[in-house]
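Working notes, beginning with the structure itself.
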Amino acid sequence: MEQHPKVYVEVTAVFDVEGRLYPKSIRWEDGTVYEIDRVLDVCRAASLKAGGAGIRYTVRIQNQRTFLFLEENRWFVERKTDCLPLN
Amino acid sequence: MDRSILHIDMNSCYASIECLHRPEIRHLPVAVGGDVEARHGIILAKNELAKAQGVRTGETLWQARQKCPELVVVPPRYPLYLRFSRLAREIYAAYTDRIEPFGLDEVWLDVTDSGVFGDAVEIAETIRRRVKFELGITVSIGVSFNKVFAKLGSDYKKPDAVTVLDRENYRTVLWPLPVETLLYVGPATARKLRARCIRTIGDLAATDPELLHSWLGKMGYVLHAFANGNDTAPVATLGEEAVIKSVGNSTTTPRDLTCLEDVNIVFYVLAESVAARMRENGLRAKTVQISLRDSDLFSFERQCRLAVPSCLASELHDVAMELVRSNYRFQKPLRSVGLRGVELVPLEGNVQLSLFEDPLRREKRERLEDTVDNLRRRFGPGAVTRAVTMCDPSLGTLNPKDDHTIHPVGYFKPA
């Protein structure tokens, strides 16, 4: 079966004293936990790839830049396209 | 100094939002349609691919499928559209507080005093880019010196475009357009105008306003002013538009209504919902309006003034039934009906008492309905129901309050 490009993930995050929200780690579908080394950017953005819109965190995980989206109260990431034959 | 007005239209709003959320259907013709099973089987919105195949908003699903067999129809998700509408307004609110929504997907902004963000065209471009990036859907924006032209501008080029109509170009750009593209020229008015060889907005602008008045009544003056860019209606400040002008519900029933008994049941359900909402908002209605639509989709409205302003379901219902009795003979079964309270006045305050009715009885009835509201709030909408609604559970268990639709607020109060 074709895998959906939108992957909801479990996220551990902290609120700092200013009330800003920072994701610290994400748990992938297979259970692996990835630490977020750094949040590089935060902005509102849509994800055309996964299909959704919300607050986009540009994060660095194991030296890879990737996007993590907070949509209302759920977090999702975009599945890498090489495992998804999108038309 | 001229004002700077933007009109922003989210292109194929519902369909775009669905396509954004479903990458797998993005390359197909897509329409958002009502629920076929519950007979709300019409097209609410369609994407560009479906439009190219002739699918039109408002037609039935089977008509659309005949033109476009591979059409993907998805059910509407109003909470999602409301969220996008809200997010878009948050973007607009960064540039001005003069924001007047026109339905869920259209809005006017007055950016005359927003010079710190650039001129009107720069703001329009910024908004267009931001909505596309942040929400993943496109808007078309009209920039002009009045609301009517701004709206024409947003229709002029879409999707994802900004059109400027200023005092220099409006004659060459707008005047050749067919007259019905103008706001408030509906099919009936267009027919009247065409019969008198007024085919374009330019023709309308050049016609003697007194002549228009004699044909169209006072709308004649209004349309003449619109066509000449003399529309001075202000853009409401955010929050101002919250004044409620009417409280109403309509429903397309699960089966056609063939007799007064059927209508009686549905009007009880509608009246209860309307009355409860009026009480929630602290309002009474002076006038009751009903709308009826038969199985051929022919529809009309009738209204009647109440002796005393009321928020009682029983009174709204009785007046509505009286209107049906005196205006409809069931030549054709009814497909949908609506009930609306207008000319609203505050619940508190002095009321003219009637000589022929016992005010105490009335007060008792109001207390009774209040109590029923409370019971329903605490134990659910089905906790207390009228016996009549159980005669036909398929009609009696409609829930108009929860599946009521969102209508644009009128541009100005209809006469």
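Protein chains in written order, with my numbering: chain A, 1 to 87; chain B, 88 to 502. Beta carbons: idealized from backbone N, C-alpha and C, even for Gly. Computed from a prediction, not measured in an experiment: that's the story for all the values here.
> For L191 (chain B) and chain A, any beta-carbon pair shorter than 8 Å?
Replying inline: no
> Unbroken alpha helix (DSSP H) runs of length 4 or more, entirely within the stretch 192-255 of chain B: which are they?
Replying inline: Taken in chain order, the complete alpha helix (DSSP H) segments of 4 residues or longer contained in the stretch 192-255 of chain B are 207-222 and 234-243.
>> With a threshold of 7 Å on Cβ separation, who are the neighbours of W262 (chain B) within its own chain once the five nearest residues in sequence on each side are excluded?
In response: T287, I288, G289 and A292
>> Just verifying my parser: in three-state terms, what is the DSSP assignment at A50 (chain A)?
In response: coil
> Given that G19 (chain A) touches chain B, what residues does it touch there, using C-beta distances under 9 Å?
Replying inline: None at all; the shortest Cβ gap to chain B is about 18 Å.
> So the alpha helix (DSSP H) A181 (chain B) belongs to, where does it begin and stop?
Replying inline: Careful: A181 (chain B) lies outside any alpha helix (DSSP H) and carries neither H nor E.
>> Quick check: the stretch 370-378 of chain B against the stretch 439-447 of chain B, are at least 3 beta-carbon pairs closer than 8 Å?
In response: no
> Applying a beta-carbon distance threshold of less than 8 Å, which residues of chain B neighbour L48 (chain A)?
Replying inline: Neighbours of L48 (chain A) on chain B, chain order: L107, P110 and G223.
>> If you reduce the DSSP assignment to three classes, tell me which class N414 (chain B) lands in.
In response: helix
>> For A207 (chain B) and L93 (chain B), which I take to be in contact (beta-carbon distance under 8 Å), what is that distance rounded to the nearest angstrom?
In response: The C-beta distance from A207 (chain B) to L93 (chain B) rounds to 7 Å, short enough to meet the 8 Å contact threshold.
> Which bits of chain B does R44 (chain A) rub up against, with CB to CB less than 7 Å?
Replying inline: E221
> Per DSSP, what kind of secondary structure is C391 (chain B) in: helix, strand or coil?
Replying inline: Note: C391 (chain B) maps to strand in three-state DSSP.
>> Taking the alpha carbon of E435 (chain B) as the reference point, which residue from B:E450, B:R473 and B:V424 has its own alpha carbon closest?
In response: B:E450
>> As a quick exercise: from B:T183, B:G428, B:V251 and B:W302, pick the residue whose alpha carbon is nearest that of A363 (chain B).
In response: B:G428
>> In chain order, what are the residue ranges of uninterrupted beta strand (DSSP E) at least 3 long that sit wholly in the stretch 293-349 of chain B?
In response: 333-344
> Around the Cβ of K6 (chain A), are there at least 16 other Cβ atoms within 10 angstroms (buried) or fewer (exposed)?
Replying inline: buried
>> The alpha helix (DSSP H) that contains W149 (chain B), what's its start and end?
In response: Its alpha helix (DSSP H) spans residues L148 to K154.
> Would the beta-carbon of S240 (chain B) fall within 8 Å of that of V251 (chain B)?
Replying inline: It is worth fixing the name first, because residue 240 (chain B) is Gly in this sequence and not Ser. Yes, Cβ-Cβ distance for G240 (chain B) and V251 (chain B) is below 8 Å.
> Does the distance from the CB of A118 (chain B) to the CB of V160 (chain B) come in under 8 Å?
Replying inline: yes
> For F499 (chain B), which three-state DSSP category applies?
Replying inline: For F499 (chain B), the pLDDT reaches just 46, beneath the cut-off of 50, and the residue's location in the model is therefore unreliable, although a value from the coordinates is still provided. When secondary structure is reduced to three states using DSSP, F499 (chain B) falls in the coil class, being assigned neither helix nor strand.
> Exposed or buried, what is D89 (chain B) when buried is set at 16 or more other beta-carbons lying within 10 Å of its beta-carbon?
Replying inline: exposed
> Interface residues of chain B around P23 (chain A) at Cβ under 8 Å?
Replying inline: Within 8 Å Cβ-Cβ: nothing; P23 (chain A) doesn't reach chain B, min ~19 Å.
> Is the CB of G51 (chain A) under 8 Å away from at least one CB in chain B?
Replying inline: Yes - at least one Cβ of chain B is within 8 Å of the one on G51 (chain A).
>> Mapping the DSSP letters down to three states, classify V266 (chain B) as helix, strand or coil.
In response: If DSSP states are grouped into helix, strand and coil, V266 (chain B) belongs with the helices.
> Any idea if R278 (chain B) is buried or exposed, counting beta-carbon neighbours within 10 angstroms, 16 or more meaning buried?
Replying inline: exposed
>> So, with DSSP's three-state summary, where would you put E72 (chain A)?
In response: In this structure, E72 (chain A) counts as coil in the three-state DSSP scheme.
> Hey, A45 (chain A) and L107 (chain B): beta-carbon distance below 8 Å or not?
Replying inline: no
>> According to DSSP, is T374 (chain B) part of a helix, a strand, or is it coil?
In response: Assignment of T374 (chain B) by DSSP, reduced to helix, strand and coil, places it in the strand class.
> Per DSSP, what kind of secondary structure is I36 (chain A) in: helix, strand or coil?
Replying inline: DSSP places I36 (chain A) in coil when its eight states are reduced to three.
>> How far does the alpha helix (DSSP H) with Y101 (chain B) in it extend, from its first residue to its last?
In response: C100 to H108
> In three-state DSSP terms, what is P396 (chain B)?
Replying inline: strand
> What residue does the beta strand (DSSP E) around T458 (chain B) start on, and which one ends it?
Replying inline: From DSSP, T458 (chain B) is part of no beta strand (DSSP E) but of the alpha helix (DSSP H) over P446 to F466.
>> Quick check on the DSSP output: the beta strand (DSSP E) that includes K6 (chain A) runs from which residue to which?
In response: K6 to Y8
> The beta strand (DSSP E) with E29 (chain A) in it runs from where to where?
Replying inline: No beta strand (DSSP E) contains E29 (chain A), which DSSP labels as neither H nor E.
> Alpha carbon to alpha carbon, how far is K219 (chain B) from F69 (chain A)?
Replying inline: 16 Å
> How would you call R38 (chain A), buried or exposed, if buried means at least 16 neighbouring beta carbons within 10 angstroms?
Replying inline: exposed
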